[in-house]
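Protein chains: 4
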Amino acid sequence: MLAGAEELLEARGLGAVSVDAIALRAGVSKATIYRWWGSKEEIALEAFYLTLGGPAAIAADSGSLAGDMQAAILARVRLLSDRPSVARTMAGLVAQAQEDPEFAAAYRRRVVEPLREQARAAFGRAVERGEIRPGTNVEAAIDLLFGGIYHRVWQSQGRLDEQFARALVEIVMNGITVRPPSSAA
Amino acid sequence: MLAGAEELLEARGLGAVSVDAIALRAGVSKATIYRWWGSKEEIALEAFYLTLGGPAAIAADSGSLAGDMQAAILARVRLLSDRPSVARTMAGLVAQAQEDPEFAAAYRRRVVEPLREQARAAFGRAVERGEIRPGTNVEAAIDLLFGGIYHRVWQSQGRLDEQFARALVEIVMNGITVRPPSSAA
Amino acid sequence: MLAGAEELLEARGLGAVSVDAIALRAGVSKATIYRWWGSKEEIALEAFYLTLGGPAAIAADSGSLAGDMQAAILARVRLLSDRPSVARTMAGLVAQAQEDPEFAAAYRRRVVEPLREQARAAFGRAVERGEIRPGTNVEAAIDLLFGGIYHRVWQSQGRLDEQFARALVEIVMNGITVRPPSSAA
Amino acid sequence: MLAGAEELLEARGLGAVSVDAIALRAGVSKATIYRWWGSKEEIALEAFYLTLGGPAAIAADSGSLAGDMQAAILARVRLLSDRPSVARTMAGLVAQAQEDPEFAAAYRRRVVEPLREQARAAFGRAVERGEIRPGTNVEAAIDLLFGGIYHRVWQSQGRLDEQFARALVEIVMNGITVRPPSSAA
DNA sequence: CAGTAACCGAGACGGTACGTCCTGTCTTACC
DNA sequence: GGTAAGACAGGACGTACCGTCTCGGTTACTG
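Residue numbers (this note's numbering), protein chains in the order written: chain Y, 90 to 274; chain X, 90 to 274; chain G, 90 to 274; chain V, 90 to 274.
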């Protein structure tokens, strides 16, 4: 049922898929669809959630913040570059989330928060290890990292590869500026 | 004409606006609209371009990369937080860009590139000044900064304010990690 | 159960009533309804039959054909004028009878024949009494009398009152033409 | 357009025909149908009106009321017996007229009044000729005659032929009772 | 008195049709 | 000669019923 929807989304994109088409494909009546979901976007959200593999696996602790981030960013980069339809569908979901607060909440719960949660955990470990400068805005760092990916895919439409992923992490870890002369050594 | 479209978009969002409605509002026939634009998204793109103030003003050189970035990021943050409909409409445009390559090109030309161009110029000056570590992936830095904003607005849906903007720039400039003891102390 | 259906029919008419609604109103499951009836029209027929008071009472012999007819016609006129929903429902039943021969047979058995039977009995008595001209088409007379009522209600939509009922009987009894001079005067 | 509707009605009956089907058959969009008609019943009414041959032809004056009535009744009897679908469709229209006063008015204007008008004219001529007893309820006579036909077709479901038509007219003209002894000759 | 069958409410389901809305094309009539 | 007005075919929308179909939870018979 969701499987059929997923294939349709993959083949034609959220914008070009109709509830009628999903019903037809799944051999299901439209009424049944509306009994369980409110719109094709909700179906797409659930299908996408399945694509993500359901409740997010707990990420392994690589021992360093850079390693944890690298793993998380690389996983997302690979998902988006290996399956272009995922990026396309997500853009539709994000647009829908701007129109409908209830949907936005569901989207955050299903898509955004699991990843942020993982990232927060990694940052928490990093704080304990003393890797991070005190006063760092962790939430901003997370938005930067993931936002960098989506901006690349959706807006710049540049190349999305491992090298790019590494560059994102490197910049967020160390910044881009030349290190000031060590305090007053 | 575009002004009317802009108001409609502001009031009801891309998804809820129809070509019929735009034609009615502008006192114009639908045929005339289709003579000039291919879809409501193209109209929205053009209207949004006007909102941005047409061809991007050349950003002043503040003398430091941090200053230039701060100015650019803050301007975008303010646009998005002062006029929520702009963020909403942009999400629709971005979604449409994933479905239609021709539209995607127009979107990049009108919306993405002007900003990147400014940013590239600022980074160029920074390189000349020696502010930036050699080998820095400038394109990734730009995606990070702007992507951070959009991710915050569209996905995390957290607070979008000056403090957040400063945090973005601070992280990209200096990184989040504790500076290793200056090697050659 | 049928009582609930009757009320619904009275309130909203055959066309606007659904099996779902009847089931809901009667606190009964749809499956149960379909176990006993084939369609909402059959329910309506049965409910209408109850409204008529079940198996038709045997009409009293008033002593004259005119009296018997007057009584029968007046009774039907009163039923239709006092309870407009009855006329409305009957029109629906009649329409359904044109679509479904099996239903038509049930309709005739329940609604039409009882009345015709009464009328035939009255006409039989009249023949014995010598009230009727030999060679009279009794069936046509019956169709005329009752048809006159329904045509008035359903098609002309004129006033349906005692005066009209009397006029019907008067015409069928005596005709409308000036009596020719009694041949053998 | 109406032609296609007519064929569908003829083949399947009002109850079994959908607006979708009419649109499909006529190669026309549903929106266009709803632009011009409010329901399938209105379409059927218009199609039926065409079947009747548009504005009723003015009936010839046969010289006697009996002749005029015979002609009118026979014409309607032949229409209904030659084309059974006409009777079926009319029953649907009549049922609909009981549910919707606006439709009822249209039905009367298109179907009922033209015939009554003809009949009234014939009765008017008969009055001038002195054929009719003073005080005769002409409207009741008309309801009787046409009602007799419809009752036969829709409810009794007996044979509808020329003989029946003649019997109707004969009864309405002369009544069914034995003539009383000429006043006091 | 337990075991079992018949029945029933509740309501999900695949379908069909509804009446509305919008798209993108087109014709007509005005200026 | 361009344009407003708007009709049109097409197609998706979300809703309402249809008639069929499982489900459980009673009753009421039976052994």
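All C-beta atoms in this analysis are idealised placements derived from N, C-alpha and C, irrespective of residue type, glycine included. Note that this is a predicted model, so its numbers are computed, not measured.
Alpha-carbon spacing of residue i relative to residue j, whole angstroms
i	j	result
valine 216 of chain Y	lysine 129 of chain X	48 Å
alanine 136 of chain G	leucine 103 of chain G	12 Å
glutamate 259 of chain X	isoleucine 265 of chain Y	10 Å
alanine 274 of chain Y	threonine 225 of chain Y	Here the model assigns alanine 274 of chain Y a pLDDT of 41, short of 50, so the residue's position is not dependable, and the following value carries that caveat. Cα to Cα, the separation comes out at about 25 Å.
valine 108 of chain G	glutamate 191 of chain V	26 Å
leucine 234 of chain X	isoleucine 162 of chain X	7 Å
alanine 94 of chain V	glycine 127 of chain G	28 Å
aspartate 250 of chain G	arginine 165 of chain G	11 Å
alanine 148 of chain Y	alanine 210 of chain X	39 Å
alanine 105 of chain V	glutamate 188 of chain G	9 Å
tyrosine 239 of chain Y	alanine 180 of chain X	12 Å
glutamate 228 of chain G	valine 200 of chain V	26 Å
alanine 92 of chain Y	alanine 186 of chain V	49 Å
methionine 90 of chain X	threonine 178 of chain X	18 Å
serine 118 of chain V	alanine 110 of chain V	10 Å
aspartate 157 of chain Y	alanine 256 of chain Y	15 Å
leucine 113 of chain Y	isoleucine 132 of chain Y	14 Å
serine 272 of chain G	phenylalanine 253 of chain V	At serine 272 of chain G, the pLDDT of 49 sits below 50, so the modelled position is not reliable and the matter cannot be decided from this model.
phenylalanine 212 of chain G	alanine 115 of chain V	52 Å
leucine 204 of chain X	serine 151 of chain Y	37 Å
proline 144 of chain V	alanine 160 of chain V	18 Å
threonine 140 of chain V	tyrosine 138 of chain Y	60 Å
valine 261 of chain X	alanine 208 of chain Y	18 Å
glutamate 202 of chain X	arginine 214 of chain X	18 Å
glycine 237 of chain G	glycine 237 of chain V	6 Å
Simplified DSSP assignment, three categories, for residue i
i	result
isoleucine 221 of chain Y	strand
alanine 273 of chain V	Any reading at alanine 273 of chain V needs caution, since the residue's pLDDT is 44, under 50, leaving its predicted position unreliable; the model's value is listed next. In this structure, alanine 273 of chain V counts as coil in the three-state DSSP scheme.
Proximity to residue i [Cα-Cα], best of the options
i	options	result
glycine 219 of chain Y	X/Val267, X/Ala112, X/Val183, X/Val108	X/Val267
glycine 142 of chain G	G/Leu168, G/Val106, G/Arg222	G/Leu168
glutamate 206 of chain G	G/Asn263, G/Val183, G/Gly181, G/Asp232	G/Asp232
arginine 222 of chain Y	Y/Val201, Y/Leu154, Y/Leu91, Y/Val242	Y/Leu154
leucine 134 of chain X	X/Leu204, X/Ala115, X/Gly152, X/Leu182	X/Leu182
asparagine 263 of chain G	G/Arg214, G/Gly236, G/Ala230, G/Pro144	G/Ala230
valine 242 of chain G	V/Gln159, V/Val261, V/Ala184, V/Val242	V/Ala184
Open item on the list: Pairs of beta-carbons, one from the stretch 116-123 of chain G and one from the stretch 190-204 of chain G, closer than 8 Å: are there three or more?
Closed with: Result no; under three Cβ-Cβ pairs closer than 8 Å.
TODO: Would you check if the stretch 162-174 of chain G and the stretch 165-183 of chain V touch, i.e. whether three or more CB-CB distances between them fall below 8 Å?
DONE: Segments in contact, no.
Open item on the list: I'd like to know if the stretch 90-109 of chain G and the stretch 243-255 of chain X are in contact, where contact means that at least 3 CB-CB pairs between them fall below 8 Å.
Closed with: Not touching, per the Cβ criterion.
Open item on the list: Counting only Cβ-Cβ distances shorter than 9 Å, please list the residues of the stretch 231-243 of chain V near chain G, keeping chain order.
Closed with: Of all residues in the stretch 231-243 of chain V, Ile231, Asp232, Leu233, Leu234, Phe235, Gly236, Gly237, Ile238, Tyr239, His240, Arg241, Val242, Trp243 have a Cβ within less than 9 Å of some Cβ in chain G.
Task: Under 8 Å (Cβ pairs) to chain V, residues found in the stretch 127-138 of chain G - done: The stretch 127-138 of chain G vs chain V, Cβ under 8 Å: nothing.
Task: Under 7 Å (Cβ pairs) to chain V, residues found in the stretch 172-183 of chain G - done: For the stretch 172-183 of chain G, which is checked against every Cβ of chain V, the residues closer than 7 Å are Ala176, Arg177, Ala180, Gly181, Val183.
TODO: Note down, in chain order, all residues in the stretch 202-220 of chain Y with a beta-carbon under 8 Å from any beta-carbon belonging to chain X.
DONE: Of all residues in the stretch 202-220 of chain Y, Arg205, Gly219, Glu220 have a Cβ within less than 8 Å of some Cβ in chain X.
Open item on the list: Tell me which residues of the stretch 142-168 of chain Y have at least one Cβ-Cβ distance to chain X shorter than 9 Å, keeping chain order.
Closed with: Taking 9 Å as the upper bound on Cβ-Cβ separation, chain X lies near residues Leu154, Ala155 of the stretch 142-168 of chain Y.
Task: Members of the stretch 243-267 of chain G that neighbour chain V once the beta carbon cut-off is set at 7 Å - done: Along the stretch 243-267 of chain G, the positions whose C-beta sits under 7 Å from a C-beta of chain V are Trp243, Gln244, Ser245, Gln246, Gly247, Phe253, Ala256, Leu257, Ile260, Val261, Met262, Asn263, Gly264, Ile265, Thr266, Val267, read in chain order.
Task: chain Y contacts from the stretch 101-130 of chain X (Cβ-Cβ distance under 9 Å) - done: Sequence-ordered contacts of the stretch 101-130 of chain X with chain Y read Gly102, Leu103, Gly104, Ala105 [C-beta pairs closer than 9 Å].
TODO: Give the residues from the stretch 188-202 of chain Y that approach chain X closer than 7 Å (Cβ to any Cβ), ordered along the chain.
DONE: Only Glu188, Ala193, Arg197, Val201 from the stretch 188-202 of chain Y bring a Cβ to less than 7 Å from some Cβ of chain X.
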